[in-house]
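Top line first, the protein sequences correspond to chains A and B. Mapping of the first sequence onto the working numbering: position 30 corresponds to residue 30, and the numbering continues sequentially without gaps. Counting the second sequence from 1 gives a position; the working numbering is that position plus 1000. Note that beta-carbon positions come from the ideal geometry of N, C-alpha and C, so glycine has one too. Computed from a predicted model, the values in this text were never measured in an experiment.
There are 2 protein chains.
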Amino acid sequence: MAVHVLAVLAYKEGDRVTSAFLAGSVNTNPVIVRRLLLSLQRARLVDTCKGAGAGSRLNRSPGRINLAEIYRAVEEAEPFATPSRKPNTACPVGHCIRKELDRIFMSAQKAMERDLERTSLADVIEAVKASCASKKAV
Amino acid sequence: MAVHVLAVLAYKEGDRVTSAFLAGSVNTNPVIVRRLLLSLQRARLVDTCKGAGAGSRLNRSPGRINLAEIYRAVEEAEPFATPSRKPNTACPVGHCIRKELDRIFMSAQKAMERDLERTSLADVIEAVKASCASKKAV
DNA sequence: CGATTATGTAACGCCAGTTGTTACATATGG
DNA sequence: CCATATGTAACAACTGGCGTTACATAATCG
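Rendered as structure tokens:
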């Protein structure tokens, strides 16, 4: 969904867009979008102004924003299972496995982000446009 | 948690272990473990017998089981955000973006799994043992 | 054979996280 | 000063996963 919002922003090249408009586009509530924009602001991906005639716009050109950045800005939690908040008991394995798994999963997540880095927001826009065009052609 | 259970099984090299024992080790309920074991059975990772004196054991040596297999056996859902089951509206972006994002995320997930493939269950056991030993040394 | 043991499975409650909604304070521009 | 749009809080609704109880089924042992 974050990517979706940013894609719309990229679509409107530089124009300020209100959260209400974005919400309509993603088919959700303006507040949801605003909450999302807060994360994106923290990551310096968008630039938001308050007041009349204001709204948000991209802070960088779409070609210089990659999906890994968006992912990191939005997803703060690990994609893996909650470590089952129980610290485990007297099992010989339970004691030390958590730390090891964290290491391994961190590495896997890094691998995933490296893959996401290869795609820029501009790439997404381009692909979407192409996909829409071909669909229209039919 | 799946890895934890399998690690315990690997620890008990070949012995059949009951779900009750595993549950105690992971500090949870036997039924939870059984549900997990069902997934692992489907993936042919464990071999479970019913009846008295029965239980589960690994179907392969720990060195020949990698974490990507476990991940695939257990996690059936995408690690990414639910595609917000709403099919979106008349927004020009909304129409085609879902498909594109699916492609990209699939690729990222593949990258993650490729990373997980590099670690076998035996590696995890080894690391855990080493970690426990060093902790004991202190 | 029958008792015991352990899995398979369903039904249900519980809890946490996410989404959605309403409401209101605040800032900005005209 | 007023209209507009964000920031934020409070709360309802929904969802997914975990936990628990309960019961049927299967396999082993005496």
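Practice problem: Whole angstroms is fine: what's the gap from H4 of chain A's alpha carbon to A122 of chain A's? | Solution: 12 Å
Exercise. For the stretch 1111 to 1128 of chain B, enumerate the residues whose C-beta is nearer than 9 Å to any C-beta of chain A, in chain order.
Key: A1111, M1112, E1113, R1114, D1115, L1116, R1118, T1119, D1123, V1124, I1125, A1127 and V1128
Quiz item: Per DSSP, what kind of secondary structure is C96 of chain A in: helix, strand or coil?
Solution: helix
Exercise. Measure the C-alpha to C-alpha separation of L38 of chain A and D1115 of chain B and round it to an integer number of angstroms.
Key: 32 Å
Quiz item: Is G14 of chain A closer than 8 Å to R57 of chain A when the C-beta atoms are compared?
Solution: yes
Quiz item: Considering only C-alpha positions, which residue in the set A:L36, A:A127, A:V17 and A:R72 is nearest to K50 of chain A?
Solution: A:V17
Practice problem: Grab the span of the beta strand (DSSP E) containing R1057 of chain B for me, first residue to last. | Solution: G1055 to L1058
Quiz prompt | Residue environment, M1076 of chain B, which counts as buried when at least 16 other CB atoms sit within 10 Å | solution = At residue 1076 of chain B the sequence reads Glu, which differs from the Met that was named. So E1076 of chain B counts as exposed.
Exercise. Could you check what DSSP says for S1120 of chain B in three-state terms: helix, strand or coil?
Key: strand
Quiz item: Of the residues that make up the stretch 1061 to 1074 of chain B, which ones have a beta carbon closer than 7 Å to any beta carbon in chain A?
Solution: L1067
Quiz item: By DSSP, does C49 of chain A sit in helix, in strand, or in coil?
Solution: strand
Quiz item: Taking C-beta to C-beta, are I1104 of chain B and L67 of chain A nearer than 8 Å?
Solution: yes
Quiz item: Along the chain, where does the alpha helix (DSSP H) that runs through E1069 of chain B open and close?
Solution: L1067 to V1074
Quiz item: Would S19 of chain A be called buried (16 or more neighbouring beta carbons within 10 Å of its own) or exposed?
Solution: buried
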